[in-house]
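Asks:
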Amino acid sequence: MRYFFLYLLLQLNFSLFAQETELVIDSLEKSALRIKSDSERLEKYIEWTRENEGKNYSVALHFGEKAVELAQKIGNKEREAYVLNSLGNTYWYMNELQKCMNYYIKAMKIRDEIQDKRGMGTSRINIGSVLSEQGDFKNSKRYFDEALSIFKSIKNTEEECATLVNIAEWHYYQQEHDSAIYYYKKAKEIAIRDHYPDQVTQINNGLAGYYRRKDEIPKALELYEENIKIDKESGDIYSLTVTLNNLSLAQSAMGDYKKAIETSLQSLELAQQIDNHASIQYALGNLAEYYKQIGDYKNAYQYQNYFLVYFQESVDVENKRISLEIEARFQDEKKQLQIDRLKEKEKLQQEEIRNKEIEADSERKTKIMFGGGFLFVLLIAVLIFRSLRQNQKTNRIILAQKKEVEHQKELIEDKNKEILDSINYARRLQDAIIPSLRAIKEHLPGTFVLYRPKDIVAGDFYWMEKTEKYTYFAVADCTGHGVPGALVSVVCANALDRTVKEFGIEDTGKILDHTRSLILKTFSKSEDEVKDGMDISLVRIDNNNQLQWSGANNPLYIIRNGSESIEEMQADKFPVGAGYADQQFQSKTISITKGDQIYLFTDGFADQFGGENGKKLKSSGLKKLLLSIHHLSSEEQVQTLSKTFENWKGNLEQIDDVCVAGIRF
Numbered sequence: 094m095r096y097f098f099l100y101l102l103l104q105l106n107f108s109l110f111a112q113e114t115e116l117v118i119d120s121l122e123k124s125a126l127r128i129k130s131d132s133e134r135l136e137k138y139i140e141w142t143r144e145n146e147g148k149n150y151s152v153a154l155h156f157g158e159k160a161v162e163l164a165q166k167i168g169n170k171e172r173e174a175y176v177l178n179s180l181g182n183t184y185w186y187m188n189e190l191q192k193c194m195n196y197y198i199k200a201m202k203i204r205d206e207i208q209d210k211r212g213m214g215t216s217r218i219n220i221g222s223v224l225s226e227q228g229d230f231k232n233s234k235r236y237f238d239e240a241l242s243i244f245k246s247i248k249n250t251e252e253e254c255a256t257l258v259n260i261a262e263w264h265y266y267q268q269e270h271d272s273a274i275y276y277y278k279k280a281k282e283i284a285i286r287d288h289y290p291d292q293v294t295q296i297n298n299g300l301a302g303y304y305r306r307k308d309e310i311p312k313a314l315e316l317y318e319e320n321i322k323i324d325k326e327s328g329d330i331y332s333l334t335v336t337l338n339n340l341s342l343a344q345s346a347m348g349d350y351k352k353a354i355e356t357s358l359q360s361l362e363l364a365q366q367i368d369n370h371a372s373i374q375y376a377l378g379n380l381a382e383y384y385k386q387i388g389d390y391k392n393a394y395q396y397q398n399y400f401l402v403y404f405q406e407s408v409d410v411e412n413k414r415i416s417l418e419i420e421a422r423f424q425d426e427k428k429q430l431q432i433d434r435l436k437e438k439e440k441l442q443q444e445e446i447r448n449k450e451i452e453a454d455s456e457r458k459t460k461i462m463f464g465g466g467f468l469f470v471l472l473i474a475v476l477i478f479r480s481l482r483q484n485q486k487t488n489r490i491i492l493a494q495k496k497e498v499e500h501q502k503e504l505i506e507d508k509n510k511e512i513l514d515s516i517n518y519a520r521r522l523q524d525a526i527i528p529s530l531r532a533i534k535e536h537l538p539g540t541f542v543l544y545r546p547k548d549i550v551a552g553d554f555y556w557m558e559k560t561e562k563y564t565y566f567a568v569a570d571c572t573g574h575g576v577p578g579a580l581v582s583v584v585c586a587n588a589l590d591r592t593v594k595e596f597g598i599e600d601t602g603k604i605l606d607h608t609r610s611l612i613l614k615t616f617s618k619s620e621d622e623v624k625d626g627m628d629i630s631l632v633r634i635d636n637n638n639q640l641q642w643s644g645a646n647n648p649l650y651i652i653r654n655g656s657e658s659i660e661e662m663q664a665d666k667f668p669v670g671a672g673y674a675d676q677q678f679q680s681k682t683i684s685i686t687k688g689d690q691i692y693l694f695t696d697g698f699a700d701q702f703g704g705e706n707g708k709k710l711k712s713s714g715l716k717k718l719l720l721s722i723h724h725l726s727s728e729e730q731v732q733t734l735s736k737t738f739e740n741w742k743g744n745l746e747q748i749d750d751v752c753v754a755g756i757r758f
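Sequential numbering from 94 applies to the sequence shown in the working numbering.
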């Protein structure tokens, strides 16, 4: 009953947004009818696409496709490529990376054909960004290099500077920090020389963030102070609020909470003047933490409450964005269904034409044979008449059967679509709790994750949270898989978030204890007894590579630098769930040196049946595999794990969700 109520709420929300979107599209379509010139109408379509590509996806996709058709009709290839790029941006915001890539490639091909140099470079940056998000760093670098060469050839230093920043970030994610700093500084030289203040502040933020994570705080402070001067001179209040928030983090890292509070209050005041909710929320969260650190719990509590109000607004905005994204996907699929039906209708019309041609041919032959003799023709006519009647009768039977089959097919497709839409919505909810690989690598650069759900959604998930002092990372396996497992995973991930961010608990064992209490409290609202929970491996990492770890049924593997053996940390033999509320989870402290690796995983990989005898791989097989690949790069390890799993499984069905994560220090 609990899940059914949730489903009704989601469907109601989706329906309201769908109606709102239809009203917007209808209103804009009426405006377009009043524009007589195709060129002017094309520009309006493009304007509406650009305005909505990051907000109302259905509107952006609707007018983007119309703009493409109109641009093709009037032969304007430059604008066709422009709007194809905008459609790619829309699918980027929707996290539909393959569709995003398809549109970016279409735009690039046209721009290459018409030699639109700036567009050629922009398309390559976009394609490189998608490839980086997909983990294909080798090819992404190739596209970034091509873009840099193009912008240099046309002396577009602003785009050259932006491309150098992309290349710097690429090197950073590859843990090539010296190269990253080199390209950041090279970009900064151009930005200062040619007066691009926005580029300078972006580069400074990237460099300062790197220095702050390396605990080189004075260098970070110098860059933030430089940004403040630039923002004030340019009057960019939005950028100034971001810089002040970052500066307060650096000040707090040095233990100067008084200055951090003053800086955050400045950011808060400016952010309120321009109604910048993101900076307001960020400043409020920082102030709550800083006041707590100096023991001023009254102000800490007050700012924490303010923060929660703005956080709820952010959640509401995200829910609306998700609803718009789902509605856009629904309209996309609906359009494809209409195309398929038109093709089927055209096929039936062609069959009808062929039948008429056959009848006409028969009549023609009858007339020819009539000249050969009345009796003979009469006999033939009778035979043909009987044959035609039989054919018509047979055709009517076949047509009736065909209509019935098509009707049953449509009913099944409608039911399947309803189910699939619900599952895809559940997937979107689950995607919201799983961090992107880019976000993980920002704090844990030597990380890879192999994530293979058994179904569209999964009971397995991975989780990361960054606080001022620590980085937390976990791999978890919730009860069940598919939709039930995914719903449980949302509850469990939310409980982890609240335990660390809202309650400020730092010890990994106590985090699991408190997470369990939140999960049990959530499920206690049901009238039925709920035994759902999770197995988990949770690690806490500080700036000195000191680890603290706790596990519920799932162990931790460690391979030391230069070693060819695995250290296994044994987990507590009970889950985070009902039935074990009186048992506390143990915390273990581990020292890590540079080059060491740790592996967190669920049981799906080792429990998979396969091989020549159709047996389980088992934990012993997983250990051998990890020992054979631990010397490889993160990208090579995840590729080898994926290929080995696929080869082991062969033609057998995947029996469970799979999640394996590795971190190199």
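In this text, a Cβ means the ideal position worked out from N, Cα and C, and glycines have one as well.
From Asn-744 to Glu-705, what distance separates their C-alpha atoms?
Replies: Asn-744 and Glu-705: Cα-Cα distance of roughly 11 Å.
Asks: Under three-state DSSP, which class holds Leu-543?
Replies: The answer is strand: DSSP assigns Leu-543 an E or B state.
Asks: Please state if the CB of Met-627 and the CB of Pro-577 are separated by a distance shorter than 8 Å.
Replies: In this structure, Met-627 does not lie closer than 8 Å to Pro-577 by Cβ.
Asks: For Pro-311, is the classification buried or exposed, using 16 other Cβ atoms within 10 angstroms of its Cβ as the cut-off for buried?
Replies: The residue is exposed, with fewer than 16 neighbouring Cβ atoms inside 10 Å.
Asks: Taking buried to mean at least 16 other C-beta atoms within 10 Å of its own C-beta, is Gln-663 buried or exposed?
Replies: Per the 10 Å Cβ criterion, exposed.
Asks: Measure the alpha-carbon distance for Ser-529 versus Tyr-375 and round it to whole angstroms.
Replies: Spanning the two alpha carbons is a distance of roughly 20 Å.
Asks: Closest to Gly-539 by CA distance: which of Asn-647, Ile-691 and Phe-738 is it?
Replies: Of the listed residues, the one whose Cα sits closest to Gly-539 is Ile-691.
Asks: Assign Lys-709 to one of three DSSP states: helix, strand, or coil.
Replies: Lys-709 falls in the strand class under three-state DSSP.
Asks: For the stretch 263–299, which segments carrying the alpha helix (DSSP H) assignment without a break, of at least 4 residues, lie completely within its bounds, in sequence order?
Replies: List check, alpha helix (DSSP H) in window: 270–286.
Asks: Enumerate, from N- to C-terminal direction, the unbroken beta strand (DSSP E) stretches of 3 or more residues contained entirely within the stretch 557–620.
Replies: Those beta strand (DSSP E) runs which fall completely within the stretch 557–620 and span 3+ residues are 564–571.
Asks: How far does the alpha helix (DSSP H) with Tyr-317 in it extend, from its first residue to its last?
Replies: Unbroken alpha helix (DSSP H) run through Tyr-317: 310–327.
Asks: Is the beta carbon of Ser-332 closer than 8 Å to that of Thr-294?
Replies: Contact flag set, yes.
Asks: Helix, strand or coil for Tyr-673, going by three-state DSSP, please let me know.
Replies: Residue state, collapsed to three classes: coil.
Asks: Where DSSP assigns a beta bridge to Ala-645, which residues make up the other side?
Replies: According to DSSP, Ala-645 bridges with Ile-629 and Asp-665.
Asks: Confirm, please, whether the CB-CB distance from Phe-400 to Ala-56 is below 8 Å.
Replies: Residue 56 falls outside the range modelled here, since the chain spans only 94 to 758, and no answer is possible.
Asks: Can you give me the start and stop residues for the alpha helix (DSSP H) that Val-176 sits inside?
Replies: 170–186 is the extent of the alpha helix (DSSP H) around Val-176.
Asks: Spatial neighbours of Leu-361 within its chain, please: CB distance less than 6 Å, with the 5 preceding and 5 following residues excluded, ordered by chain position.
Replies: The answer, listed in chain order, is Ala-376.
Asks: Do Asn-178 and Asn-219 count as a contact pair if the criterion is CB distance below 8 Å?
Replies: Taking 8 Å as the Cβ cut-off, Asn-219 and Asn-178 qualify as a contacting pair.
Asks: Comparing C-alpha positions only, which one of Asp-209, Ile-207 and Lys-192 sits nearest to Leu-224?
Replies: Comparing Cα positions, the closest option is Lys-192.
Asks: Opposite Thr-682 in the DSSP bridges: which residues?
Replies: Looking at the DSSP assignment, Thr-682 forms a beta bridge with Gln-641.
Asks: Using the beta-carbon count (16 or more within 10 Å), is Val-593 buried or exposed?
Replies: By the neighbour-count rule (16 or more Cβ atoms within 10 Å), Val-593 is buried.
Asks: In or out: Asp-324 buried (at least 16 other Cβ within 10 Å) or exposed?
Replies: Looking at its Cβ environment, which holds 16 or more other Cβ atoms inside 10 Å, Asp-324 is buried.
Asks: In the structure shown, what three-state DSSP assignment does Ala-551 receive?
Replies: Three-state DSSP puts Ala-551 in coil, outside helix and strand.
Asks: Just the C-alpha distance for Trp-741 and Ser-726, rounded to the nearest angstrom, thanks.
Replies: So the two alpha carbons sit approximately 22 Å from each other.
Asks: Given a cut-off of 8 Å on the beta-carbon distance, is the pair Ala-160 and Ile-139 in contact?
Replies: The answer is yes: Cβ separation under 8 Å.
Asks: Round the Cβ separation of Ile-652 and Leu-720 to the nearest angstrom and send it over; I've been treating them as touching at under 8 Å.
Replies: About 7 Å; that satisfies the 8 Å criterion.
Asks: Would you mind working out which of Tyr-266, Leu-257 and Lys-123 sits nearest Arg-531, comparing C-alpha positions?
Replies: When only C-alpha atoms are compared, the closest one is Tyr-266.
Asks: What does DSSP give as the partner residues of Glu-660 in its beta bridges?
Replies: In the DSSP output, where bridge partners are listed per residue, Glu-660 has Ile-651.
Asks: What's the call for Ala-586, buried or exposed, on a 16-neighbour Cβ count within 10 Å?
Replies: Buried, by the Cβ-count rule.
Asks: Measure the C-alpha to C-alpha separation of Ser-149 and Thr-114 and round it to an integer number of angstroms.
Replies: Sequence check: residue 149 is Asn here, not Ser. Computed Cα separation, rounded: 8 Å.
Asks: In its own chain, which residues sit with a C-beta less than 8 Å from the C-beta of Ala-353, not counting the 5 before and 5 after it?
Replies: The answer, listed in chain order, is Ser-341, Leu-342, Gln-344, Ser-345, Asn-379 and Tyr-383.
Asks: Can the beta-carbon of Ile-612 be found less than 8 Å from the beta-carbon of Ala-579?
Replies: Cβ atoms of Ile-612 and Ala-579: not closer than 8 Å.
Asks: From this set, Lys-322, Asp-750 and Ile-685, which residue's C-alpha is nearest Asn-638's C-alpha?
Replies: Asn-638 has its Cα closest to that of Ile-685, out of Lys-322, Asp-750 and Ile-685.
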